[in-house]
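J.: Sharing a structure here in structure tokens format.
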Amino acid sequence: MKGERLRTFIIVTIVSALVWLFAESRTLRVETITVPVQISLGGRTLVFRITDDSDWNSIAEIELAGPVGKIGDIRAAALDGITLELGDELPNDPGVRTVDLRDAIRRDALFRDSGVSIRRVVPETLGLQVDRLETLRLPVEVDLAGVETAGAVRVTPPEVELQLPASFAEGHDYHAVAKVDTSRLSTLTPGRRAELSQIPIELAGLPEDIWGIRLVNPRVTVSLTLRARTESMKLPELPVFIEMSPSDLALWIVEIPPEDRVLSGVTLTGPGALIDRVRRGEIRPRAVVPVTSEDLANGVERFKVLIEGLPPGVAVSIDKPEIRVHAATRPAETSG
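Going from the sequence shown to my numbering is simple: count from 1 and add 11.
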């Protein structure tokens, strides 16, 4: 008898709990969820941008009203975010417009037949500009920073594709320029054919308000031969600098005699383009005398002058390649 009462009690408890759970799941609730939102082209040949007046960070605060159970299902499914596609949830005809985000999100599959209503979305609107995507083929021009070449300069590929909004496709003079850095040119041997890969393309002639552009192949290979033009120039007088370690400076007093403090008779010989850069002041050589601890300890008095700051390929000739240096140990400091 007691066993039957216990079974009856358990069955009644379970049925009551199920009834409560079912009723609770059908109870209406208002809840706000945070959902990541992505905007997609949906495979269409379009380009879009969010206009400057939109306060958009790809996050929407969505206020839902509906049964507790269904809101819970949506909350779980929305953790990975939703995607609004042009032509489906969003308009895809060219132009600038203000999109009602509540209407757009209502059309998303997660909410469309969910049985839950969307009461409010923050932000409420989204400024959207849509245009057709067009492609222009531009010949690649090469900027060698004034370096002279022998023979043809070849670019691979010779053209690049520029994708841009249709509203900017006409009425502009676009140029694709492969600008070769002078540091890479300085490593080449004049008279020998060379290939420089991964040269970046720069676009010229772009309107200030252009948006949504993309180069399909943003880098090219340039093949060229530098003209074997060798020039020489005599440098003006250079002040001579001593290079020492801080520890040696603390122990030694080192001086250059007045007659050796300025170096003259320095001649540079090398590719004409590099010598021209020295003349223009783009390359600034320095006269340096390295002095080591060993030199000081051995009482060395004459040191060879080095010319620093020159790129490879430039040779140096000095009429007087050595100077004198006087060194003496610093007196020990005495405390008062």
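Even for Gly, the Cβ is constructed at its ideal location relative to N, Cα and C.
#1: Whose C-beta lies closer than 6 Å to the C-beta of Arg131 among residues of the same chain, with five residues either side of it excluded?
#2: Can you tell me where the alpha helix (DSSP H) with Ala88 in it begins and where it stops?
#3: Using the C-alpha atoms, what's the distance from Asn228 back to Asp142?
#4: When you compare each of Ile318, Val302, Leu274 to Ala338 by their alpha carbons, which one comes out closest?
#5: Could you check what DSSP says for Thr193 in three-state terms: helix, strand or coil?
#6: If Ala156 sits next to Thr193, beta carbons under 8 Å apart, how far is it from one beta carbon to the other, in whole angstroms?
#7: Are three or more beta carbon pairs between the region 271-287 and the region 242-252 nearer than 8 Å?
#8: Give a yes or no on whether the C-beta atoms belonging to Ala161 and Thr236 are separated by under 9 Å.
#9: Could you tell me the alpha carbon to alpha carbon distance between Arg113 and Glu135, rounded to whole angstroms?
#10: Where DSSP assigns a beta bridge to Val151, which residues make up the other side?
#11: Buried or exposed: which applies to Leu262, given that a residue is buried once 16 or more other Cβ atoms fall within 10 Å of its Cβ?
#12: Of the residues Val48, Leu139, Ala71, Pro168, which one's Cα is nearest the Cα of Arg148?
#13: Rounded to whole angstroms, what's the CA-CA distance from Asp306 to Arg165? Just pull it up for me.
#14: Between which two residues does the alpha helix (DSSP H) carrying Glu305 extend?
#15: What number of angstroms, rounded off, separates the C-alpha of Gln49 from the C-alpha of Ala88?
#16: Which residues does DSSP list as the beta-bridge partners of Pro250?
#17: Alpha carbon to alpha carbon, what distance is there between Pro296 and Glu348?
#18: Assign Ser258 to one of two classes, buried (16 or more other C-beta atoms within 10 Å of its C-beta) or exposed (fewer than that).
#19: What are the boundary residues of the beta strand (DSSP E) that includes Ser328?
#20: Could you tell me the distance, in whole angstroms, from the CA atom of Leu274 to the CA atom of Glu254?
#21: Gly283 by DSSP, collapsed to three states: which one?
#22: Could you please give the first and the last residue of the uninterrupted beta strand (DSSP E) stretch that includes Arg165?
#23: When you compare only the Cα positions, how much space is there between Gly138 and Ser51?
#24: What residue range does the alpha helix (DSSP H) around Asp259 cover?
#25: Just verifying my parser: in three-state terms, what is the DSSP assignment at Val208?
#26: Would Ile264 pass as a contact of Arg335 if the rule is Cβ separation under 9 Å?
T.: Let me lay it out:
#1: Within the sequence shown, numbered from 1, the residue matching residue 131 stands at position 120. If we look at Arg131 and ignore the five residues flanking it on each side, its Cβ neighbours are Glu74.
#2: Here residue 88 is taken as the residue at index 77 of the sequence shown, counted from 1. Its alpha helix (DSSP H) spans residues 79-88.
#3: As a working mapping, residue 142 is identified with position 131 in the sequence shown. As a working mapping, residue 228 is identified with position 217 in the sequence shown. One C-alpha to the other measures close to 22 Å.
#4: The residue you call residue 338 lines up with position 327 of the sequence shown. The candidate whose alpha carbon is nearest that of Ala338 is Val302.
#5: Indexing the sequence shown from 1 puts residue 193 at position 182. In this structure, Thr193 counts as helix in the three-state DSSP scheme.
#6: Here residue 156 refers to the residue found at position 145 when the sequence shown is read from its first residue. Here residue 193 refers to the residue found at position 182 when the sequence shown is read from its first residue. Indeed, because the Cβ distance is near 5 Å, the residues count as touching under 8 Å.
#7: yes
#8: Position 150 of the sequence shown holds residue 161. Position 225 of the sequence shown holds residue 236. Yes, Cβ-Cβ distance for Ala161 and Thr236 is below 9 Å.
#9: The sequence position of residue 113 within the sequence shown is 102, counting from 1. The sequence position of residue 135 within the sequence shown is 124, counting from 1. Answer to the nearest angstrom: the Cα atoms are 7 Å apart.
#10: Translated into the one-based positions of the sequence shown, residue 151 becomes position 140. DSSP output for Val151 lists Ala187 as bridge partner(s).
#11: Stepping through the sequence shown from its first residue, residue 262 is reached at position 251. Result: exposed.
#12: Mapped onto the sequence shown, residue 148 falls at position 137. Looking at the Cα atoms, Pro168 is the closest of the given residues.
#13: Reading the sequence shown from its first residue, position 295 is the one you call residue 306. Reading the sequence shown from its first residue, position 154 is the one you call residue 165. The alpha-carbon atoms of Asp306 and Arg165 are separated by roughly 53 Å.
#14: Position 294 of the sequence shown, counting from 1, holds the residue named residue 305. Counting along the chain, the alpha helix (DSSP H) containing Glu305 begins and ends at 304-308.
#15: Walking along the sequence shown from the start, residue 49 turns up at place 38. Walking along the sequence shown from the start, residue 88 turns up at place 77. Gln49 and Ala88 have their C-alpha atoms roughly 15 Å apart.
#16: The count along the sequence shown starts at 1 and reaches residue 250 at position 239. Pro250 pairs with Val273.
#17: Past the edges of the chain, shown from 12 to 347, lies residue 348, and the structure says nothing about it.
#18: Position 247 of the sequence shown, counting from 1, holds the residue named residue 258. Answer is exposed; the Cβ neighbour count stays below 16.
#19: Working through the sequence shown from its first residue, we reach residue 328 at position 317. Note, Ser328: beta strand (DSSP E), 326-329.
#20: Walking along the sequence shown from the start, residue 274 turns up at place 263. Walking along the sequence shown from the start, residue 254 turns up at place 243. Straight-line Cα distance between these residues: approximately 16 Å.
#21: For the purposes of this step, residue 283 is taken as residue 272 along the sequence shown, with counting starting at 1. Of the three classes helix, strand and coil, the one that applies to Gly283 here is helix, per DSSP.
#22: Mapped onto the sequence shown, residue 165 falls at position 154. Segment 165-167, the beta strand (DSSP E) holding Arg165.
#23: The residue you call residue 138 lines up with position 127 of the sequence shown. The residue you call residue 51 lines up with position 40 of the sequence shown. In a straight line, the C-alpha of Gly138 is about 15 Å away from that of Ser51.
#24: Here residue 259 is taken as the residue at index 248 of the sequence shown, counted from 1. Segment 257-262, the alpha helix (DSSP H) holding Asp259.
#25: Position 197 of the sequence shown, counted from the first residue, corresponds to residue 208. Here the sequence assigns Ser to residue 208, which means Val is not the residue at that position. DSSP places Ser208 in strand when its eight states are reduced to three.
#26: Here the question's residue 264 lines up with position 253 in the sequence shown. Here the question's residue 335 lines up with position 324 in the sequence shown. It is not a contact, given that the beta carbons lie outside the stated cut-off.
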